[in-house]
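The block underneath contains the structure these notes are about, expressed in structure tokens.
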Amino acid sequence: PFLMKDLGPSLKGRLQEMGSRFMQGNRASVDSFLTQKIRAAGLNIIGRTSTPEFGVCSSAENPQICITRNPWNTAYSSCGSSAGSTVLVAAGAFPIAHATDGGGSIRIPAGFNGNIGMKCSRGVFSIAPGLSDLTGLVSTQGCISRTVRDTAAWIDQCRGGAPGEFMPYWKPEQSYRELIKTDPPRLRIALSNRWGPYAAEPAICDILERSAKQLEDLGHHVDWGLPDVDFEQAFEAQTLCYISNFAQVIASHLRTRQLDEPPANLIEPINRLIWEAGKDISYSERFAMQDVFNKTARGFGVFFESWDIILTPITAQATPLIGHQDLLTTSTETNVYTWFRRLWSAFAFTPLSNLCGIPAISMPMARQENGLPFGIQAQTRQANDGLLLQLAAQLERTLSGGWNHGALPRVHISRN
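Just so you know, we're using the working numbering here: the sequence shown kicks off at 3 and counts up by one.
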């Protein structure tokens, strides 16, 4: 049995409402290529999982639709945007579920719920006949699972491009299912707890350093290091990309319904601000944005000539409580750029891998002071996805009791 996030690949005739009251009743007209691959892999799609409206923010909490809670402690957010998928996997209801990642939407909830969350490089999964990985530049497909084996198998079975792709789709020489059976060589691992203006809280820094010690104990070389890029400029470009992308998503749905602007009672406040700020962004602005993307990606590329992996916390802050309004698209903030800067201050370490198109994985290596799981993120050069899975599998084999030390969430199918 398998679940699809209510966003991204479509299922013909099935509801796809994208976490939005505005989209209620929307049904897809075709099966996406990835949907076909998932079914061909032997997975039986039996439902869909919650997401914030259009996948914009990192917690699926709109009381008019749903509140997706963390199964380890239901006072806390599951985060997102692949919220429902990660919760149902963590709670033992499903071994694996579909997810998407445009800035951390696989890795952040995986990290906060004790799961494995892998964001692959560009050119791995296709949602044809929909848009390609190059259209919006940052978003990709994936899954959330409890084991490296299951994630590796899912990628092996579901990767590949459809006829007429706008870009090449690549495939490794060896299947990931076989690759993860062997440990990686001794790796050069850079450690970072600050990206430009955004730094991890002290408790999160401590978690990162303890996790680094685990990797040193496995024989890897670990030291502090950082790509030589303008992080502040990169986040500004990323913000423009999101505003432009999401504004066009909203605009396309407005055109379908012959509406001139988003209905205030059906589309959440921050998403209305995004539409207003992004609907008329010019090609010149997008071109300048892509220039920053290019410089940033090349800076990371040069960095990975000297380092195999960069290790960061999955977020700069601890898991937010349910109702932490500042980070939601139901926020009362009136300046959309201020809202995004607030988002980056919490979730700084995941978005730039989307900008660069490089792979990243969240591994549930640690525990927070509040008792919730915490993910440590590893990133590497483009198309080196297998190395991340190898490292995660090596850790998985050596951890006493496995991930989360064998502990289960308070909300779990095995409990009364």
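Think of the CB as a built atom: it goes at the ideal place given N, C-alpha and C, for glycine as much as any other residue.
Three or more Cβ pairs drawn from the segment 336-353 and the segment 263-278 lie within less than 8 Å of each other, which places the two stretches in contact. With fewer than 16 other Cβ atoms inside 10 Å of its own Cβ, F289 counts as exposed. Straight-line spacing of the CA atoms in F56 and N337 works out to 19 Å.
For V91, the enclosing alpha helix (DSSP H) covers residues 85-92.
Of R41, G198, G163, A362, the smallest CA-CA separation from L228 is found for G198. Assignment of P204 by DSSP, reduced to helix, strand and coil, places it in the helix class. Counting other Cβ atoms within 10 Å of its Cβ, Y178 reaches 16 or more and is therefore classed as buried.
If you draw a 10 Å sphere on the C-beta of I206, you find 16 or more other C-beta atoms in it, and that means buried.
DSSP, read as helix, strand or coil, puts Q381 in strand.
Taking a contact to require three or more Cβ pairs closer than 8 Å, the segment 375-383 and the segment 108-126 qualify as touching. For C145, the pairing in a beta bridge is given by DSSP as H100. In this structure, the alpha-carbon of K39 lies about 12 Å from that of V126. Secondary structure note for I252: its alpha helix (DSSP H) is the uninterrupted segment 233-258.
Note on the segment 146-233: whole beta strand (DSSP E) runs with a minimum of 3 residues are 190-193, 223-226, in chain order. Cβ-Cβ distances below 8 Å link I69 to A62, E63, I324 in the same chain, with the five nearest sequence neighbours on each side left out; the list follows chain order. Put simply, of P165, C160, L410, D152 the residue whose alpha carbon is nearest the alpha carbon of K183 is D152. T53 is not a Cβ neighbour of L17, given a cutoff of 7 Å.
P353: member of the alpha helix (DSSP H) spanning 353-358, first to last residue.
For I312, the three-state secondary structure derived from DSSP is strand. Residue environment for P411: buried (at least 16 other C-beta atoms within 10 angstroms of its C-beta). Apart from the 5 residues on each side of it in sequence, Q66 sits with its Cβ closer than 7 Å to the Cβ of R23 in its chain, given in chain order.
Collapsing the DSSP output to three states places L389 in a helix. K297 and E287 have their C-alpha atoms roughly 16 Å apart.
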